[in-house]
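For reference, the structure discussed in these notes is given below.
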Amino acid sequence: MEASRNYACREPIGEQMTFDLESLMTSREGENFKLHQEYLNPQLARVLKTLGMDRFYERAEGCYLFDRSGERYLDLLAGFGVYALGRSHPVVKKALHDALDMDLPNLVQLDCALLPGLLAEALVGTMHEGIERCFLANSGAEAVEAAIKFSRCATGRQRILFADHGFHGLTNGALSLNGGREFREGFGPLLPGCDVVAFGDLKSLEEQLAKGDVAAFVVELIQGKGVYMASEEYWRAAEALGKRYGALFVVDEVQTGLGRTGKMWAYEHYGLRPDIVTVSKALSGGYVPVGAMACSAEIFDRVYSKMERAVVHSSTFGRNQLAMVAGLATLQTLEDEEIVDRARVTGEAFEKALAPLVEKYEFFHEVRGKGLMIGLVFGEPSSLRLKSRWKMLETARKGLFSQIIVAPLFTRHKILTQVAADNVNIVKLLPPLICGQDEVDYFVDALDDVLSDAHRNSALVFEFGKTLAKSALSR
Ligand SMILES: Cc1ncc(COP(=O)(O)O)c(C=O)c1O
């Protein structure tokens, strides 16, 4: 006999409407910025309006966004890196539809459900043999919070080291490991015992580790804020120093992981075996918040050391079924579509196509990064004529030049990119890993056009810079 079902209010009562997403969105179309200004973050709305980025996106597919007038935008930001598979990937979409249709018993809590087990098994299977278990969370910052707590608990030490320019999220613990003053201001006091070391500098790391009280060194192998990199020798020596002084080596792969750099994990580039790996962003194909902290059984068991501590670290939504399903579908798709290798190949294509522009424009200094995590580095031009313009912009606001590249790329060429960090002249590309030569060509032509304008000393470009400096962006 079928179990009885009792859903209240399935039919409209009198004049009352049932919820209908499509009609809701149609009836409120175009009110997005107004609502954000009124109920969410008015400053963000101001910034986007100033940059000419106020749009009403209606649909998204693959590497592209579409606004309500049908205009197409090339998305080289990919939701800060979550859309590795591109937007609206059919495999992840179907998996989520299937999961909803199966009426899965989600979040029973006093249960060991199948799907979290399968996701943890699959994830651990992609990492080096020293990684045996996962803690499943809801975001990158939560994965980092877990790494901080697990490191302290497993080592019995308190201090955590992090690198300048480092970014690990904005919750209180993760913020305590943030290498940028602009994020920390106004939120102190942060976690005690968190100390900065110079990125890529072995001496500064050893000085701290040698004190013998460090639980962990938490670091991104390629830094998201600025796409800074260190040498293979540095990484190998840093890992060895951690071992020598009993500190855990925690590699934050929230952004670099899952193929972004042309390898499944960035640590593979350097032959490393981190003690803890944090993961998030691309893991659920962009559909459901998800995060994971992976480590050895030994570290894990020091935290969950007895039955009384079975839930000593957890989160209500941490193993929710939709995130697990999306994660499993994403990992399978990465493999089926050979996404990691595609990221490597397309990364090389970007590098090759961008190299002539570095030669051509004196303020375009360098292209750096790995795979599809790319930093375009701009700096002071050599000719007198451009130098004075450059200085004017830099005096108005440090890092403004990159903003006057990002804005016309968007308004003129419908390409979404980002400035890599506050106060730096670095533009960052974080495209979907499914992009290919068409996207490379389209972007490089557009960048050539924007840079040639700036190079020709177009008053327009620099005037725009001044306007930006004066208006919403100058806080
Ligand atoms: C390396 C790194 N770690 C952690 C985080 C924080 O992730 P989330 O924004 O999901 O909290 C980010 C976010 O950009 C990141 O790039």
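Using numbering that gives the first Met the number 0, the first residue of the sequence shown is number 0, and each one after it goes up by one. In this text, a Cβ means the ideal position worked out from N, Cα and C, and glycines have one as well. Only a predicted model underlies this, so the values are computations on that prediction, with no experimental measurement involved.
Residue i and residue j closer than 8 Å at C-beta
{"i": "residue 253", "j": "residue 419", "result": "no"}
{"i": "residue 106", "j": "residue 118", "result": "no"}
{"i": "residue 190", "j": "residue 175", "result": "yes"}
{"i": "residue 246", "j": "residue 216", "result": "yes"}
{"i": "residue 185", "j": "residue 144", "result": "no"}
{"i": "residue 392", "j": "residue 400", "result": "yes"}
{"i": "residue 255", "j": "residue 208", "result": "no"}
{"i": "residue 405", "j": "residue 376", "result": "no"}
{"i": "residue 269", "j": "residue 235", "result": "yes"}
{"i": "residue 137", "j": "residue 285", "result": "no"}
{"i": "residue 73", "j": "residue 441", "result": "yes"}
{"i": "residue 146", "j": "residue 338", "result": "no"}
Terminal residues of the alpha helix (DSSP H) in which residue i lies
{"i": "residue 35", "result": "31-38"}
{"i": "residue 53", "result": "Premise fails: residue 53 is in no alpha helix (DSSP H) and is neither H nor E."}
{"i": "residue 88", "result": "Residue 88 -> no alpha helix (DSSP H), and no H or E assigned at all."}
{"i": "residue 259", "result": "No alpha helix (DSSP H) holds residue 259; DSSP gives it neither H nor E."}
{"i": "residue 63", "result": "Careful: residue 63 lies outside any alpha helix (DSSP H), inside the beta strand (DSSP E) at 63-66."}
{"i": "residue 390", "result": "383-395"}
{"i": "residue 170", "result": "Neither: residue 170 is in no alpha helix (DSSP H) and is coded neither H nor E."}
{"i": "residue 339", "result": "338-359"}
CA-to-CA distance, residue j to residue i, given in whole angstroms
{"i": "residue 127", "j": "residue 287", "result": "26 Å"}
{"i": "residue 17", "j": "residue 91", "result": "28 Å"}
{"i": "residue 354", "j": "residue 132", "result": "42 Å"}
{"i": "residue 258", "j": "residue 384", "result": "43 Å"}
{"i": "residue 51", "j": "residue 45", "result": "10 Å"}
{"i": "residue 180", "j": "residue 166", "result": "11 Å"}
{"i": "residue 278", "j": "residue 34", "result": "32 Å"}
{"i": "residue 199", "j": "residue 271", "result": "15 Å"}
{"i": "residue 403", "j": "residue 467", "result": "8 Å"}
{"i": "residue 327", "j": "residue 356", "result": "40 Å"}
{"i": "residue 398", "j": "residue 306", "result": "53 Å"}
{"i": "residue 412", "j": "residue 331", "result": "34 Å"}
DSSP state of residue i mapped onto helix, strand, coil
{"i": "residue 163", "result": "coil"}
{"i": "residue 176", "result": "coil"}
{"i": "residue 200", "result": "coil"}
{"i": "residue 290", "result": "strand"}
{"i": "residue 128", "result": "coil"}
{"i": "residue 473", "result": "Per-residue confidence for residue 473 stands at a pLDDT of 45, beneath the threshold of 50, marking its modelled position as unreliable; the derived number appears in the next sentence. Here residue 473 sits in coil by DSSP."}
{"i": "residue 81", "result": "coil"}
{"i": "residue 434", "result": "coil"}
{"i": "residue 210", "result": "coil"}
{"i": "residue 418", "result": "strand"}
{"i": "residue 248", "result": "strand"}
{"i": "residue 448", "result": "helix"}
{"i": "residue 323", "result": "helix"}
{"i": "residue 103", "result": "coil"}
{"i": "residue 16", "result": "coil"}
{"i": "residue 427", "result": "strand"}
{"i": "residue 316", "result": "coil"}
{"i": "residue 374", "result": "strand"}
Span of the beta strand (DSSP E) around residue i
{"i": "residue 365", "result": "363-369"}
{"i": "residue 133", "result": "132-136"}
{"i": "residue 221", "result": "Here residue 221 belongs to no beta strand (DSSP E), and DSSP marks it neither H nor E."}
{"i": "residue 277", "result": "275-278"}
{"i": "residue 74", "result": "71-74"}
8 Å Cβ cutoff, residue i in contact with chain B
{"i": "residue 319", "result": "Absent here is chain B; the protein component of the structure consists of one chain."}
Any non-hydrogen atom of ligand 2 within 7 Å of residue i CB
{"i": "residue 219", "result": "This structure simply doesn't include ligand 2; it includes ligand 1 instead."}
Taking three-plus beta-carbon pairs below 8 Å as touching, is the region 290-297 in contact with the region 141-161? yes
Please confirm if the region 320-334 is in contact with the region 93-104, defined as three or more CB-CB distances below 8 Å between the two stretches. yes
Just checking, does the region 341-354 make contact with the region 364-376 on the three C-beta pairs under 8 Å criterion? yes
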